[in-house]
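Please read the structure below before turning to the comments.
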Amino acid sequence: MIETEQRTPDLQAILDEVYAALEPRRGEGKVADYIPQLARINPQHFGMAIVTVDGAVYTAGDAELPFSIQSISKVFTLTLALGKHGETLWNRVGREPSGSAFNSIVQLEHEGGKPRNPFINAGAITVSDLICAGHSPREVIGEILRFLRYLADDDDISIDPAVARSEAATGFRNAALANFMRAFDKLSSPVDNVLGVYFHHCAIAMSCVQLAKAGLFLANGGKQALTGRTVVSRERARRINALMLTCGHYDGSGDFAYHVGLPGKSGVGGGIMAVAPGRAALAVWSPGLNQNGNSLLGSVALEMIAQRTGWSVFGP
Ligand code: GLU
């Protein structure tokens, strides 16, 4: 018989060990500089948090410091949009890895304005459009924020207004993607409203602890771990995890699956949220990015944690 029983890992000891091993490498990678607010971040930050399905919280480094979650927000807007539209959402967005840059317009043209997946920019803009239907941008942004505060059980989560303004002031490519989809008749709400919602959810600031708590329902069969309340069905949680695994790391999604073996979503702010189904949600933050735009140290940290805990979706 194959032995699948795993000993319970000492998570605090693992985080301490990984932190000590990587701490000298803080500052590696290239901080996102497409908006000044992100370029200004101290590249030395490094934080990690693990929250288990029984509610225990383990941390190391800058785990309580809020940072710009950027594209990690796309997991939560997708969850909201699936709640409103169900599986019909997939008429508007695909479920395949893109294999091209997260903001590629070439692929969008080639595929008639239907984005490859909900995590590339065009796909996330479509998801914002789906949440917008019939509501003002202010209402929708408020709803996204309330959803995150509810999931993380933390009312301190907020939007960084300077980042949101900067996203809007420099988001020419995102505006191009949105207008392009509008030209294909693929957006229902006014382009400016949709972009306003998109830029604001990218500008949400959260700490590793808040992110791991917010993502915990994905590790726990769709239920909030502490209250037992259902956020999404078990099946939907699995499917969101499947999308994170295949599409969550831009062009580096295959590499992340290979090295870490867990579903995860990264953002250009240097954060990554990952899910160990049945066990825990994890979040790491280090602003320096690798060549695919994923946190360099964060990816290494998650690989080390996965190795040490034995957590993987690919086998015991
Ligand atoms: N707000 C960013 C953009 O659309 C998101 C970047 C990211 O984290 O992928 O350019």
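The sequence shown stops at residue 525 when you use my numbering, and every number in between is there. Think of the CB as a built atom: it goes at the ideal place given N, C-alpha and C, for glycine as much as any other residue. Model, not experiment: these values are computed from the prediction.
In the three-state reduction of the DSSP assignment, Val336 falls in the helix class. Leu505 and Asn312 have their C-alpha atoms spaced approximately 20 Å apart.
By the neighbour-count definition (other C-beta atoms within 10 Å, threshold 16), Trp299 is an exposed residue.
Each residue's CA atom was taken as its position, placing His294 and Thr439 some 18 Å apart. Scanning its chain for C-beta atoms nearer than 8 Å, with the 5 sequence neighbours on each side dropped, one finds around Ala385 the residues Ile314, in chain order. The C-beta separation of Val406 from Cys341 comes to about 6 Å, placing the pair in contact by the 8 Å criterion. Within 10 angstroms of the beta-carbon of Tyr243 lie fewer than 16 other beta-carbons, which makes it exposed. In this model, Trp520 and Leu471 are separated by some 8 Å (Cα to Cα). When the alpha-carbon of Thr261 is set against those of His410, Leu454, Asn388, Leu420, the nearest one is in Leu420. Ranked by Cα distance from Leu287, the options Ser307, Tyr267, Gly332 are led by Gly332. For the options Ser397, His409, Pro399, Arg358, the alpha carbon positioned closest to that of Ala371 is the one of His409. Annotation: Leu287 is outside any beta strand (DSSP E); the continuous alpha helix (DSSP H) that includes it extends over 282-294.
Residue nearest to Leu291 within the set Ile449, Ile514, Gly430, Leu498 is Ile449 (criterion: CA-CA distance).
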